[in-house]
Structure formats: C-alpha cells, structure tokens
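In our numbering, the protein residues as written are 195 to 383. By construction, the Cβ of each residue, glycine as well, lies at the ideal position given by its N, Cα and C atoms. Treat the numbers as computed from the prediction; the structure is a model and nothing was measured.
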C-alpha cells in the first residue's frame, strides 16, 4: 500500500487495514478528535451481530476493546451483548440517559466496491447503520468508523453471510488497535 491510499474529503479518511502509513494517519486524526473532546465521556458503540460473519466486525471490535480493560472507556456492543438492528434504539436511549454529553464513536461493517474491500473509513458525523441492507435505523455518533467487508449492490444479506471471517478478524484487530492507541494517548497519558 502507498501513502496515496489515504485521502481526505470533508474530514473523511480511508485506508486499507494493512496499510501501516494509512492507519497511522487515521490514528493521528482520531487522536486530534479525542483530544479536542477529552472533557466529555467517550462511548464507543460497536454495531453488528455475530449471527452474520460480515456483520460481526462491530462486536469483534467491541470484544477486543472490552478485553483491554481501558479505564473509563465505555464500550457497547460485544460478541456476548451485541448492538444490532433490533436493540439499537434501546442502546441509544441508554446512552442518552446514562451519560452527560457523551462523545460517541459509532462503528459498523459496510459493503462497498470490489476494490474497496478491506478499507477502513473514519469520518465526521453520524453513522447511518443498516443503509447497505436497506434498513431504516437511527443515525448515531459524532464520528464513525466503518470497515468495508465485502461487495455491495446485490443480495446484501447473502453477501454479509458469506463474508470471509479471516478478513473481518484482521480488520477488527487493526481497528480496535487504532482505537485503543488513540484512547491511551489522549485519555490515559
């Protein structure tokens, strides 16, 4: 991967999960964002389900982050307790009732073009979960992180079910490491 694989357009960063330079730039951007919002409680909302290989990206990331035991980091959405289409509104209400002025980073898997599979995107603004499978779900987050796990455009549910676990696993490792590093550098040190 080259340095050209990272680009910005209206505060949107994109890099392949194994592009070290690209993910470092993404981590630096996340550090800037977390530093500027350090006075607010951080909630990482990992959306997805372990019932679909492609959609397990969020719960895998949530599980990795939870296992790190980072102090004062609130992580919702793990393999044991996933946040998915059915319970997302409840979790949004829980966040609103449990945290004063939280800074929410929403995480989800998504589908994209063939040459974008494996890419991670960090963008400002709320995440619109379920859009790739034509679901109407509430938008959430002030920043969102997505991973393109497979090709979209046709039979999206089937595509998500038949996504390679190895790819999702590697992406989840990279994304959780990126989040943990940014958190440690801005909230712990």
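From 301, 291, 264 and 205, pick the residue whose C-alpha is nearest to that of residue 276; which is it?
If we check each option's Cα against that of residue 276, 301 comes out closest.
Please report the Cβ distance between residue 240 and residue 252, rounded to the nearest whole angstrom; I am assuming they are in contact, meaning their Cβ atoms lie under 8 Å.
About 4 Å separates the two Cβ atoms, so the contact holds.
Is there contact between the region 312-320 and the region 337-344, where contact requires at least three CB pairs shorter than 8 Å?
As far as the Cβ criterion goes, the region 312-320 touches the region 337-344, which means the pair count is three or higher.
Nearest to residue 218 by CA position, among 382, 358, 375 and 380, is which residue?
Comparing Cα-Cα distances from residue 218 to each of 382, 358, 375 and 380, the minimum goes to 375.
Which residue spans inside the region 307-343 form an unbroken alpha helix (DSSP H) run of at least 4?
None, since the region 307-343 contains no complete alpha helix (DSSP H) of that length.
What are the start and end residues of the beta strand (DSSP E) that includes residue 209?
Unbroken beta strand (DSSP E) run through residue 209: 206-210.
Give the straight-line distance between the Cα atoms of residue 353 and residue 212, rounded to the nearest whole angstrom.
C-alpha separation (whole angstroms): 22 Å.
Following the continuous beta strand (DSSP E) through residue 237, name the residue where it begins and the one where it ends.
Residues 236-240.
If I measure Cβ to Cβ from residue 378 and keep anything under 8 Å in the same chain, skipping five residues before and after, which residues do I get?
For residue 378, where only same-chain residues beyond five positions count, the Cβ hits under 8 Å are 264.
According to the neighbour-count rule (16 or more other Cβ atoms, all chains shown, within 10 Å of its Cβ), is residue 280 buried or exposed?
When all chains shown are included, residue 280 counts as exposed.
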